[in-house]
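**Q** For the working numbering, count along the sequence shown from 1 and bump the result up by 152.
Ideal Cβ positions, reconstructed from N, Cα and C, are used throughout, including at glycine.
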Amino acid sequence: MKLYKGKPIKYVIEEFARENNLKVVMHFPHSSLGVPDSFWKDVVIDQTSFTKINFLMSDLLLLELFEFWNYEKVIAPYSRLYVDVEKYWNDAEETMSKYGMGAIYTKDVYGKPLHKKSLEFVEEAKNYYEEHHRKLSAACDVDQDILILDMHSFNFEMSRFVTKKLILPEVCLGVNDDDSRSDDLIWRIKVWNKVNRAFSCRINFPYQGSILPNRKRKGQKIYSLMFEFNKKWYI
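1. Can you tell me which of V226, F168, F180 and L185 puts its alpha carbon nearest to the alpha carbon of C292?
2. Can you give me the C-alpha to C-alpha distance between L214 and V237, rounded to a whole angstrom?
3. For I298, tell me which candidate among K346, L318 and E166 has the shortest Cα-Cα distance.
4. Taking its Cβ as the centre, do 16 or more other Cβ atoms sit within 10 Å of D330, making it buried, or is it exposed?
5. For the alpha helix (DSSP H) that S289 lies in, which residues bound it at each end?
6. If you pair each beta-carbon of the segment 302-319 with each one of the segment 353-360, do three or more pairs fall below 8 Å?
7. Got a sec? Which residues, its chain only, sit under 6 Å from S334 by beta carbon, not counting five neighbours each side?
8. Look at L266 and G252 and say whether their C-beta atoms are less than 9 Å apart.
9. Please state if the CB of H284 and the CB of E380 are separated by a distance shorter than 9 Å.
10. Run through the segment 287-341 for me and flag every whole beta strand (DSSP E) of 3 or more residues, listed as ranges in chain order.
11. I'd like the list of long-range same chain contacts for P321, defined as Cβ closer than 6 Å, with 5 residues on each side in sequence excluded.
12. Taking all protein chains shown into account, do 16 or more other C-beta atoms lie within 10 angstroms of the C-beta of G326, making it buried, or fewer, making it exposed?
13. Consider the C-beta atom of Y156 and the heavy atoms of the ligand FAD; say whether any pair is separated by less than 8 Å.
14. Under three-state DSSP, which class holds N382?
15. Rounded C-beta distance between I363 and I319? I'm assuming under 8 Å.
16. Nearest by alpha-carbon distance to K264: which of I205, K278 and N348 is it?
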């Protein structure tokens with residue numbers, strides 16, 4: 153335990169990656185605020201209202217907080233309100249689609265209409281979505297095992313869709329129930345957090361799981377860990 157005292161959490165990641173010969177890939181799906189001009193054609197709210205919703209629903213300042221983590225970063229260049237690359241494309245598979253918040257948001261976080269989702273836009277959005285996932289797969293397409301850090305933030309307005317509890321952790325660690333989960337890495341982070349008293353933490357609460365690429369090399373091991381930071385804690 154003393155080994156971690158006073159060390160940044162990056163030390164834990166570096167140690168785990170070094171001991172397991174892993175390439176670390178950081179994924180930022182919701183950190184951008186921009187949208188292309190083509191998006192506005194189907195938007196049904198004014199630009200001022202859109203900007204407020206965009207700030208509320210985006211992972212503000214995460215890129216800046218992790219600017220000096222010198223790993224390859226896969227960053228969605230546009231806002232999640234343009235296309236949410238973390239969601240399942242097929243609405244039948246995406247639980248948030250029942251709220252109008254699937255890969256394409258037809259409603260905002262308050263349930264108000266946001267976008268018409270025309271057939272023309274859906275085609276454009278799908279191309280963007282697939283290109284992003286190709287980039288993630290390409291980042292993992294190396295002769296080496298992988299650790300993906302899936303970087304997010306949340307607030308009550310968003311988390312109320314997955315839990316009614318008002319007391320939420322400062323950090324949520326999301327893992328999958330498959331071989332992409334590393335109990336060793338989770339244990340190291342828990343030990344680091346205990347000795348440094350950095351933040352309150354829960355596993356898979358209020359959010360679950362972590363992204364994986366669409367493909368991987370034969371025999372390749374890919375670990376994935378989601379960090380969800382409570383905006384009340386870091387902003």
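**A** So, from the data block:
1. Nearest C-alpha to C292 among V226, F168, F180 and L185: V226.
2. Those two C-alpha atoms are separated by around 17 Å.
3. Of K346, L318 and E166, the residue nearest in Cα terms is E166.
4. The Cβ neighbour count for D330, taken over all protein chains shown within 10 Å, is under 16; the residue is labelled exposed.
5. S289 -> alpha helix (DSSP H) spans L271 to C292.
6. The answer is yes - the segment 353-360 touches the segment 302-319, with three or more Cβ pairs under 8 Å.
7. Once the five neighbours on either side are set aside, the close Cβ partners of S334 are Y375.
8. For L266 and G252, yes; Cβs fall inside 9 Å.
9. No, these two residues do not count as a Cβ contact at 9 Å.
10. Runs found: 297-306 and 323-326.
11. Counting only Cβ-Cβ distances below 6 Å, and skipping sequence neighbours, we find S352, C353 and R354.
12. A residue is called buried once 16 or more other Cβ atoms fall within 10 Å of its Cβ, and G326 is buried on that count.
13. Absence of the ligand FAD from the depicted structure is noted, as is the absence of any ligand whatsoever, leaving it without description.
14. Residue state, collapsed to three classes: strand.
15. Contact doesn't hold; Cβ gap of about 27 Å is too wide.
16. For K264, the nearest C-alpha among the options comes from I205.
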